[in-house]
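>
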Amino acid sequence: MRTSRRTSLRLSATMPRARKFGLLAGTAALVLSACTTTVQGNAGGPGDPAAVPPVAQVSIEPAAKTDVNPKTPIVVKVAKGKLTTVTVTNTAKGSTVKGALAADGTSWTSSDVLGYGSTYDVVADAVGTDNKPVEQKSSVKTVTPTAQAFPALTPAPPGAGATFGVGQIVGVSFDHKITNRAAVEQAIKVTTTPEQPGAWHWIDDRTLHYRGPNYWQANTTIKLDVNLYGVDLGSGVYGQTDRSATYRIHDSWIAKADGATDQMQILHNGAVTGTMPISIGKDETPTHSGPHVISDKQQQVIMDSCTYGVCPPDPKAYRSTEFWAERISNDGEFVHENPNTVNQQGSTNVSHGCINLSPENAQAFFNQFGLGDVVEVTNTPGPILPIYDTYGDWELNWQQWQAH
């Protein structure tokens, strides 16, 4: 008995370590097997991960920590489920943002344009394919401009039935300096019917005008769409609002005032329909040369030399009431009646820069010519009308216009 026991102990002492561990592992396995419940099949059991119904996964864009453009829509999406309700609320005002749920219930997109410098709380509720509800919350913050530039339209949006002449300039001006000019040009669209070429030209750092290589075709429709809300105009300035206007061009009416002959031809759609004797600016106060465009008309207007710095007791000062007056520049030039120069009309230039007509001719001109119609002045010692003077745009040829 002793010998047998010692032999057994000796064998145990020389047994390889791996085998000993194997026995231990096997013993552990037996113990675990005794505690495990065996599941028959693979459908719906807790031991089968693939059988667990997925939970709805809701995402909200834009991200909460990003200052976004107010024109960026808020989009809520769900995977492995469907949205039930989405509420977007302006934190400060308490107003609700409108939006639409997709037909399949997997996305929601805001339809209202957001405001500048605002925070919006987003609450999205969904139900997963496991029929369990899920709620996701976030917030969206929009960019805060240092300033907002308002786009004033030139001419102002017209009333019903209003029309303009073939020389009418279309433009936009701002109440803030613009440093990102390319963004402005890309955001403004001009549509002409019938289609005609055209280009923008910056008059200064706040004003740009649009015209073509030639006067507009008679009976053209010009649609101006200014889509500047949310547009970065440079230096922290953003567009304040979108605007639009439609301008209709009537028949072509062009007057050709010749300072050498002191006659003014009237052309309707290119054909001469009459001639009027005139008196334009004398040498001391010459009329500007080149194309002028009528920007205003008044049956009666007071002309005062003090408006450009010539006041009494200066002998050159004057103040008088003139009739049938149509403005052709902001430098005080008009086409108007002047009974006092009828004897000089047709022979001598004696005005302070205006184009004088007889009472009869002035009224006839006033009745026929309107905003946007053209008065071309030639053979005058005056300089060309500056481009910045209301509608001096046509003084530049097409190449010069496109270069700026």
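Residue numbers (the working numbering): 7 to 410.
For each residue, glycine too, the CB sits at the ideal point set by N, CA and C.
Since we're looking at a predicted model, the values are computed, not measured.
Measuring alpha carbon to alpha carbon, tell me which residue in Arg254, Gly245, Gln350, Ala155 is nearest Ala168.
Ranking Arg254, Gly245, Gln350, Ala155 by Cα distance to Ala168 puts Arg254 first.
> Let me know the secondary structure DSSP gives Val190 once reduced to three states.
Correct three-state label for Val190: helix.
> Buried or exposed: Ala49, going by 16 or more other Cβ atoms within 10 Å of its Cβ?
Caution is warranted here: a pLDDT of 39 is assigned to Ala49, below 50, making its placement in the model unreliable, and the coordinate value is therefore given only provisionally. With fewer than 16 other Cβ atoms within 10 Å, it is exposed.
> To the nearest angstrom, report how far apart Ala2 and Lys104 are at their CA atoms.
The requested residue 2 is not part of the displayed model; the chain covers only 7 to 410.
> Look at Pro294 and Leu391 and say whether their C-beta atoms are less than 7 Å apart.
With the sequence shown as reference, residue 294 is identified as His, and Pro is not the correct amino acid for it. Cβ distance < 7 Å, so His294 and Leu391 count as in contact.
> Does the separation of the CB atoms of Lys262 and Glu366 fall below 7 Å?
Against a cut-off of 7 Å, the Cβ pair of Glu366 and Lys262 comes out as no contact.
> Buried or exposed: where does Gly53 fall if 16 or more other Cβ atoms within 10 Å of its Cβ makes it buried?
Since pLDDT at Gly53 reaches only 48, below the 50 mark, its modelled position is unreliable, and the value read off the structure follows with that caveat. With fewer than 16 other Cβ atoms within 10 Å, it is exposed.
> If distances are taken between C-alpha atoms only, which option among Gly111, Arg187, Arg249 comes closest to His410?
Nearest option by C-alpha distance: Arg187.
> On a CA-only basis, which of Ile260, Thr267, Val299 is nearest Arg217? Give me that one, please.
Out of Ile260, Thr267, Val299, Val299 has the C-alpha closest to the C-alpha of Arg217.
> So what does Ser5 bridge to, in DSSP terms?
As displayed, the chain neither begins before 7 nor continues past 410, which places residue 5 out of reach and without an answer.
> For Lys195, write down the residues that DSSP places opposite it in a beta bridge.
Paired residues: Asp231.
> Can you pull the DSSP bridge partners for Asn373?
According to DSSP, which records beta bridges pairwise, Asn373 is partnered with nothing at all.
> From what residue to what residue does the alpha helix (DSSP H) around Gln405 run?
Gln405 -> alpha helix (DSSP H) spans 404–409.
> Once you ignore the five residues that flank Asp127 on each side, which residues in its own chain have a CB closer than 6 Å to its CB?
Result list for Asp127: Thr95, Thr97, Ser145, in chain order.
> Give the DSSP-derived three-state secondary structure of Trp489 in the structure shown.
Residue 489 is absent from the structure shown; the chain starts at 7 and stops at 410.
> For the stretch 236–249 against the stretch 147–163, are there 3 or more C-beta pairs whose distance is under 8 Å?
Yes: at least three Cβ pairs fall under 8 Å.
> Can you check DSSP and say which residues form a bridge with Asp131?
In DSSP, Asp131 forms a bridge with Thr91, Glu141.
> For Pro151, collect the residues of the same chain with a Cβ closer than 7 Å to its Cβ; drop the 5 residues on either side in sequence, then sort them by chain order.
Excluding residues within five positions, the ones whose Cβ falls inside 7 Å are Tyr122, Gly242, Val243, Tyr244.
> Decide yes or no for the touch test of the stretch 318–327 against the stretch 393–400: beta carbon pairs closer than 8 Å, at least 3 of them.
These segments do not touch.
> Enumerate, from N- to C-terminal direction, the unbroken beta strand (DSSP E) stretches of 3 or more residues contained entirely within the stretch 320–371.
Segments of the beta strand (DSSP E) lying fully in the stretch 320–371: 325–333, 340–343, 361–363.
> Which residues bound the beta strand (DSSP E) around Ile209?
First-last of the beta strand (DSSP E) with Ile209: 205–210.
> Of all the options Thr115, Val356, Lys71, Asn275, which has the alpha carbon lying nearest to the alpha carbon of Gly265?
Ranking the options by Cα distance to Gly265, first place goes to Val356.
> Assign Ile228 to one of two classes, buried (16 or more other C-beta atoms within 10 Å of its C-beta) or exposed (fewer than that).
Buried, since its Cβ has 16 or more Cβ neighbours within 10 Å.
> My output table needs one value for Ser311: the three-state DSSP class, helix, strand or coil.
Of the three classes helix, strand and coil, the one that applies to Ser311 here is helix, per DSSP.
> Under 8 Å by Cβ, that's how I've got Gln305 and Phe329 pegged, so tell me the actual separation to the nearest angstrom.
Right, the Cβ-Cβ distance comes to about 6 Å (below 8 Å), so this counts as a contact.
> Lys288: which of Val64, Asn362, Val196, Thr125 sits nearest, CA to CA?
Selected option, being the one with the closest Cα: Asn362.
> In the DSSP assignment, find the beta strand (DSSP E) that holds Ala277 and state where it starts and stops.
From DSSP, the beta strand (DSSP E) with Ala277 extends over 277–283.
> Just the Cα atoms here: how many angstroms apart are Glu332 and Asn385?
Approximately 21 Å, taken between the alpha carbons.
> Is the separation between the beta-carbon of Ala445 and that of Pro387 shorter than 7 Å?
Any property of residue 445 remains undetermined from this structure, which presents the chain solely from 7 to 410.
> For Ile284, count neighbouring Cβ atoms within 10 angstroms of its own Cβ and tell me buried if that reaches 16, exposed if not.
Buried.
> Compute the distance between the beta-carbons of Gly173 and Tyr221, then report whether it is under 7 Å.
The answer is yes: Cβ separation under 7 Å.
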